[in-house]
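Engineer: Here it is, the structure, as structure tokens.
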Amino acid sequence: MNMKKAAFGITILFVLLITSGCNNGGNAQENFTESYSGSFQSGSIVTDTNDDGFPANSAELEGSSTFGPVTIQSLNEFTLGDSPIGDCLEGHLEFTLVRGNFVKRFEDSGDLLLGTWNEGISCFDSNTNTSETTQTGVFSGGTGQFVNASGRIRIKFASTFLANNGQQGFSFGGSDGMGNGVIE
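Numbering of the sequence shown is given in the numbering used here, commencing with residue 236 and proceeding in unit increments.
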């Protein structure tokens with residue numbers, strides 16, 4: 236009888252260990268973090284999906300992540316808010332995300348992790364030509380170990396503009412930041 240109880244206890248422990256890394260739907264979860272830096276520039280005019288005269292910015296970034304060295308391409312279109320929601324300091328221009336997407340490539344495996352940005356606020360200081368941006372989004376698949384990836388991601392980054400749409404008619408500069416999320 237004691238042998239059956241021991242076997243039952245080991246079975247329960249095994250099930251708990253397997254499911255502790257899963258969500259309620261039984262999908263494995265992995266915490267994800269990254270830090271990165273790189274450059275950005277205005278995209279093609281066809282990336283102006285809201286017809287405000289300003290295209291999206293295309294970023295080329297490199298850094299480190301939970302899965303090793305990572306390169307990131309991101310395309311983000313922001314627009315100057317008609318009625319700011321007050322997330323920026325007084326005197327800073329508040330831009331809201333229109334749409335955005337990203338591709339992360341992990342050097343060690345060559346796997347891709349894809350996603351979409353759902354929300355974002357960028358606070359631009361025209362005196363210093365700098366901005367602070369926060370974006371949230373979701374993972375939407377990929378290749379290799381990320382074929383059916385889902386989950387959420389949040390990034391925060393700082394940018395320095397060497398050229399901006401308001402003065403030069405195009406944007407160009409550098410960014411650095413960090414991100415975290417959960418991959419399911």
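From the three backbone atoms N, C-alpha and C, an ideal C-beta is built for every residue, glycine too.
Name the residue from N399, L324, F330, W352 whose alpha carbon lies nearest to the alpha carbon of N336.
Structural biologist: Here residue 336 refers to the residue found at position 101 when the sequence shown is read from its first residue. Selected option, being the one with the closest Cα: W352.
Engineer: Helix, strand or coil for N258? Go by DSSP, reduced to three states.
Structural biologist: Here residue 258 corresponds to residue number 23 of the sequence shown, with the count starting at 1. Because N258 sits at a pLDDT of 47, beneath the cut-off of 50, its placement in the model cannot be relied upon, and the point is left open.
Engineer: From V373, T363, Q380, G408, pick the residue whose C-alpha is nearest to that of L328; which is it?
Structural biologist: Along the sequence shown, read from residue 1 onward, the residue named residue 328 stands at position 93. Looking at the Cα atoms, T363 is the closest of the given residues.
Engineer: Going by the DSSP bridge assignment, what does E295 pair with across the sheet?
Structural biologist: On the sequence shown, position 60 is the one that residue 295 refers to. The partner list for E295 (beta bridge, DSSP) reads S274, Q308.
Engineer: Taking F405 and S277 to be in contact with their CB atoms under 8 Å, please state how far apart those CB atoms are, rounded to whole angstroms.
Structural biologist: In the sequence shown, the residue the question calls residue 405 occupies position 170. In the sequence shown, the residue the question calls residue 277 occupies position 42. Indeed they touch by this definition, with Cβ atoms about 4 Å apart.
Engineer: Please report the residue range of the beta strand (DSSP E) in which Q370 lies.
Structural biologist: Sequence index remark: in the sequence shown, residue 370 carries index 135 (1-based). Residues 365-377.
Engineer: Could you give the residue range of the alpha helix (DSSP H) that holds G288?
Structural biologist: Taking the sequence shown and counting its residues from 1, the one referred to as residue 288 is at position 53. Element bounds for G288: n/a, residue is neither H nor E.
Engineer: Hey, how far is the Cα of A291 from the Cα of T282?
Structural biologist: If you number the sequence shown from 1, residue 291 lands on position 56. If you number the sequence shown from 1, residue 282 lands on position 47. Answer to the nearest angstrom: the Cα atoms are 5 Å apart.
Engineer: Within 10 angstroms of the Cβ of E269, are there 16 or more other Cβ atoms? Answer buried if so, exposed if not.
Structural biologist: Counting from one through the sequence shown, the residue named residue 269 turns up at place 34. Buried.
Engineer: Assuming G345 is part of the beta strand (DSSP E), what are its boundary residues?
Structural biologist: By 1-based counting over the sequence shown, the position of residue 345 is 110. Counting along the chain, G345 falls outside any beta strand (DSSP E), and DSSP gives it neither H nor E.
Engineer: Could you give the distance in angstroms between the alpha-carbon of E342 and the alpha-carbon of Q403?
Structural biologist: The count along the sequence shown starts at 1 and reaches residue 342 at position 107. The count along the sequence shown starts at 1 and reaches residue 403 at position 168. Rounded to whole angstroms, E342 to Q403 spans 35 Å at the Cα level.
Engineer: Whole angstroms are fine: how far does the CA of G326 sit from the CA of N383?
Structural biologist: Here residue 383 is taken as the residue at index 148 of the sequence shown, counted from 1. Here residue 326 is taken as the residue at index 91 of the sequence shown, counted from 1. The alpha-carbon atoms of N383 and G326 are separated by roughly 43 Å.
Engineer: Would you mind sorting G379 into buried or exposed? The rule is 16 or more other CB atoms within 10 Å of its CB.
Structural biologist: Working through the sequence shown from its first residue, we reach residue 379 at position 144. With fewer than 16 other Cβ atoms within 10 Å, it is exposed.
Engineer: If you draw a straight line from the alpha carbon of F396 to that of S299, how long is it in whole angstroms?
Structural biologist: Here the question's residue 396 lines up with position 161 in the sequence shown. Here the question's residue 299 lines up with position 64 in the sequence shown. Their Cα atoms are separated by approximately 23 Å.
Engineer: Quick check: what's the CA-CA separation for S361 versus T368?
Structural biologist: Your numbering for residue 361 matches position 126 in the sequence shown. Your numbering for residue 368 matches position 133 in the sequence shown. Approximately 14 Å between the Cα atoms of the pair.
Engineer: Go through its chain and collect everything with a Cβ distance to M238's Cβ below 7 Å, but skip five positions before and after it.
Structural biologist: Within the sequence shown, residue 238 is the residue found at index 3, counting from 1. Note that M238 scores a pLDDT of 48, beneath 50, so its modelled location is shaky and nothing firm can be said.
Engineer: Report the residue from V338, G273, I356 whose alpha carbon sits nearest the alpha carbon of G321.
Structural biologist: What you label residue 321 is simply residue 86 of the sequence shown in a count that begins at 1. The shortest C-alpha separation from G321 is found at I356.
Engineer: For L348 versus F313, is the C-beta distance shorter than 9 Å?
Structural biologist: Position 113 of the sequence shown, counting from 1, holds the residue named residue 348. Position 78 of the sequence shown, counting from 1, holds the residue named residue 313. In this structure, F313 does not lie closer than 9 Å to L348 by Cβ.
Engineer: State the start and end residues of the unbroken alpha helix (DSSP H) segment that holds K321.
Structural biologist: Residue numbering aside, residue 321 sits at position 86 when the sequence shown is read from its first letter. In the sequence as presented, Lys is not what sits at residue 321; that position holds Gly. Looking at the DSSP string, G321 is not in any alpha helix (DSSP H), and its letter there is neither H nor E.
Engineer: With distances taken Cα to Cα, identify the nearest neighbour of F267 among I388, N311, N399.
Structural biologist: On the sequence shown, residue 267 is found 32 positions in, with the first residue counted as 1. The shortest Cα separation from F267 among I388, N311, N399 belongs to I388.
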